[in-house]
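**Student:** Just so we're aligned, residue 65 is where the sequence shown starts under this note's numbering, counting upward by one. The structure that follows is given in the form of structure tokens.
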Amino acid sequence: NHRFLELSSKIPPILFEHEDDVRKIIQKNIRRGKVYLSVMSPDAVGTGKVVVNETLAQEYYKAFKKIKKNLKLNDPITLENIIRLPDVMTHTSTVAEKNKIWDAAKKAISKALITLDQSKKTEGKNLKADLLKRAALIASCVKSIKRLSVQSVKQFNVKTKARFAKEAKTPAGAEKMNQEMASFAKSTDITEEMVRLESHIKTFQSSLKQGGEIGRKIDFIAQEMMRETNTTGAKCGTVLISEKVIEIKSELEKIREQAQNLE
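In structure tokens form, the structure reads like this:
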């Protein structure tokens with residue numbers, strides 16, 4: 065659910081020199097998301113030489129003696145105390161050992177990525193079906209809003225004509241009545257919003273069917289659809305249209321949540 069690739073890896077020291085190589089392998093297969101990679105190998109220690117840093121061990125010993133003296137402690141300083149400290153004893157591996165472990169690690173990482181890709185494809189198919197279903201629901205709501213908008217204007221005109229029944233008999237009264245009806249029709253006209261919404265829906269559906277890396281595109285289209293829906297809601301205040309607007313916005317929120325799970 066991340067906008068970019070965020071990789072956290074835990075690999076044995078013998079592979080530290082290949083950290084950049086590991087990142088490149090992951091980046092080649094995954095475009096965005098949070099990835100946790102853990103590489104473990106019983107052969108990671110190798111069979112090379114053990115190197116003792118005697119100078120560092122002496123410094124640790126001096127530090128222990130100073131602490132004992134300052135804290136007035138009687139505990140003995142043992143060899144075990146010293147060799148367990150960082151970098152006192154280190155292990156080296158041969159080039160052959162490093163190459164062998166790196167080759168095994170690359171194969172394991174590649175295998176894990178193949179499994180991940182298969183899982184992503186399966187989940188992607190399910191997400192695609194869900195998103196197309198939501199797009200169809202939104203398209204249905206748009207049709208209903210267009211129909212309700214026409215009805216709303218007709219109902220307003222009927223009420224206005226009834227209200228101006230007497231006044232409309234005079235030229236001034238008729239003009240005033242016509243102005244009110246024209247003003248209402250203009251202020252509640254959502255033709256442009258409906259055209260753009262229907263266009264966004266078609267783009268949304270075609271993008272899903274084409275496939276590829278569409279997560280960000282789907283999210284952007286949903287944002288544009290939300291903008292047109294909000295404008296529609298502001299222009300048309302009837303209860304029935306407001307209900308459809310709320311329904312569309314609810315579906316768009318779910319779409320944006322699902323889009324975060326798409327690359």
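Built from N, CA and C at the ideal position, the CB exists for glycine as well. Being a predicted model, the structure only gives us computed values, none of them experimental.
In angstroms with no decimal places, state the Cα-to-Cα distance between residue 245 and residue 277.
**Tutor:** In the sequence shown, residue 245 corresponds to position 181, counting from 1. In the sequence shown, residue 277 corresponds to position 213, counting from 1. The C-alpha of residue 277 is placed about 48 Å away from the C-alpha of residue 245.
**Student:** My output table needs one value for residue 97: the three-state DSSP class, helix, strand or coil.
**Tutor:** Taking the first residue of the sequence shown as position 1, residue 97 is located at position 33. Residue 97 sits in a strand when the DSSP states are folded into three classes.
**Student:** Given a threshold of 16 other Cβ atoms within 10 Å of its Cβ, counted over all protein chains shown, does residue 308 qualify as buried or as exposed?
**Tutor:** Residue numbering aside, residue 308 sits at position 244 when the sequence shown is read from its first letter. Residue 308 comes out buried.
**Student:** Could you check whether residue 154 and residue 190 sit closer than 9 Å to each other, using their CB atoms as the reference points?
**Tutor:** Walking along the sequence shown from the start, residue 190 turns up at place 126. Walking along the sequence shown from the start, residue 154 turns up at place 90. No; because the gap between Cβ atoms is not below 9 Å, this pair is not in contact.
**Student:** Leaving out five residues before and five after residue 146 in sequence, what residues of the same chain have Cβ atoms less than 7 Å from its Cβ?
**Tutor:** Indexing the sequence shown from 1 puts residue 146 at position 82. Closer than 7 Å at the Cβ level, and outside the excluded window around residue 146, lie 121, 124, 125 and 152.
**Student:** Quick one: give me the first and last residue of the alpha helix (DSSP H) that residue 72 is part of.
**Tutor:** Walking along the sequence shown from the start, residue 72 turns up at place 8. Per DSSP, residue 72 belongs to no alpha helix (DSSP H); it is in the beta strand (DSSP E), 69 to 74.
**Student:** Just to confirm, is the Cβ distance from residue 207 to residue 257 under 9 Å?
**Tutor:** Taking the first residue of the sequence shown as position 1, residue 207 is located at position 143. Taking the first residue of the sequence shown as position 1, residue 257 is located at position 193. No, they are not a contact pair.
**Student:** Select from 73, 247 and 290 the residue whose C-alpha is nearest the C-alpha of residue 310.
**Tutor:** The sequence position of residue 310 within the sequence shown is 246, counting from 1. When only C-alpha atoms are compared, the closest one is 290.
**Student:** What are the partner residues of residue 154, as DSSP defines its beta bridges?
**Tutor:** As a working note, residue 154 is residue 90 in the sequence shown. According to DSSP, residue 154 bridges with 115.
**Student:** Can you give the beta carbon distance from residue 95 to residue 327, rounded, assuming they're within the 8 Å contact cut?
**Tutor:** Along the sequence shown, read from residue 1 onward, the residue named residue 95 stands at position 31. Along the sequence shown, read from residue 1 onward, the residue named residue 327 stands at position 263. Confirmed, Cβ separation roughly 5 Å.
**Student:** Could you compute how far the alpha carbon of residue 316 sits from the alpha carbon of residue 148?
**Tutor:** Within the sequence shown, the letter at position 252 stands for residue 316. Within the sequence shown, the letter at position 84 stands for residue 148. Taking the CA atoms as reference points, residue 316 sits about 58 Å from residue 148.
**Student:** Let's see if you can read the secondary structure: which residues bound the alpha helix (DSSP H) around residue 164?
**Tutor:** Position 100 of the sequence shown, counted from the first residue, corresponds to residue 164. If you look at residue 164, you'll find it in the alpha helix (DSSP H) that goes 159 to 227.
**Student:** How about the region 178 to 197 and the region 206 to 223: do they share at least three Cβ pairs that are nearer than 8 Å?
**Tutor:** no
**Student:** With 16 as the cutoff for other CB atoms within 10 Å, does residue 219 come out buried or exposed?
**Tutor:** As a working mapping, residue 219 is identified with position 155 in the sequence shown. It is exposed - the Cβ of residue 219 has fewer than 16 other Cβ atoms within 10 Å.
**Student:** Based on the DSSP secondary-structure assignment, which residues constitute the bridge partners of residue 102?
**Tutor:** As a first step, residue 102 must be located in the sequence shown, where it is residue number 38. In the DSSP assignment, residue 102 forms a beta bridge with 74.
**Student:** So which of 293, 249 and 242 has the shortest CA-CA distance to residue 260?
**Tutor:** Within the sequence shown, residue 260 is the residue found at index 196, counting from 1. Measuring from the Cα of residue 260, the nearest candidate turns out to be 293.
**Student:** Just how far apart, CA to CA, sit residue 239 and residue 265?
**Tutor:** One-based indexing of the sequence shown puts residue 239 at position 175. One-based indexing of the sequence shown puts residue 265 at position 201. Those two C-alpha atoms are separated by around 41 Å.
**Student:** Considering only residues of the same chain and omitting the five flanking positions on each side of residue 323, which have a CB-CB separation below 7 Å?
**Tutor:** Locating residue 323 in the sequence shown gives position 259, where the first residue counts as 1. Cβ contact annotation for residue 323 (same chain, cutoff 7 Å, sequence separation greater than five): 279, 282, 283 and 286, in chain order.
**Student:** Output the distance between the C-alpha atoms of residue 113 and residue 128, rounded to the nearest integer angstrom.
**Tutor:** Against the sequence shown, residue 113 aligns to sequence position 49. Against the sequence shown, residue 128 aligns to sequence position 64. Each residue's Cα considered, the two are about 28 Å apart.
**Student:** Are the Cβ atoms of residue 169 and residue 272 separated by less than 9 Å?
**Tutor:** The count along the sequence shown starts at 1 and reaches residue 169 at position 105. The count along the sequence shown starts at 1 and reaches residue 272 at position 208. It is not a contact, given that the beta carbons lie outside the stated cut-off.
**Student:** Enumerate in chain order the residues of its own chain whose CB-to-CB distance from residue 232 is below 6 Å, with the five nearest sequence positions on each side excluded.
**Tutor:** Residue 232 sits at position 168 when you count from the first residue of the sequence shown. Only 238 and 241 meet the Cβ criterion.
**Student:** In whole angstroms, what is the alpha-carbon distance linking residue 142 and residue 130?
**Tutor:** The residue given as residue 142 occupies position 78 in the sequence shown. The residue given as residue 130 occupies position 66 in the sequence shown. Cα to Cα, residue 142 sits roughly 15 Å from residue 130.
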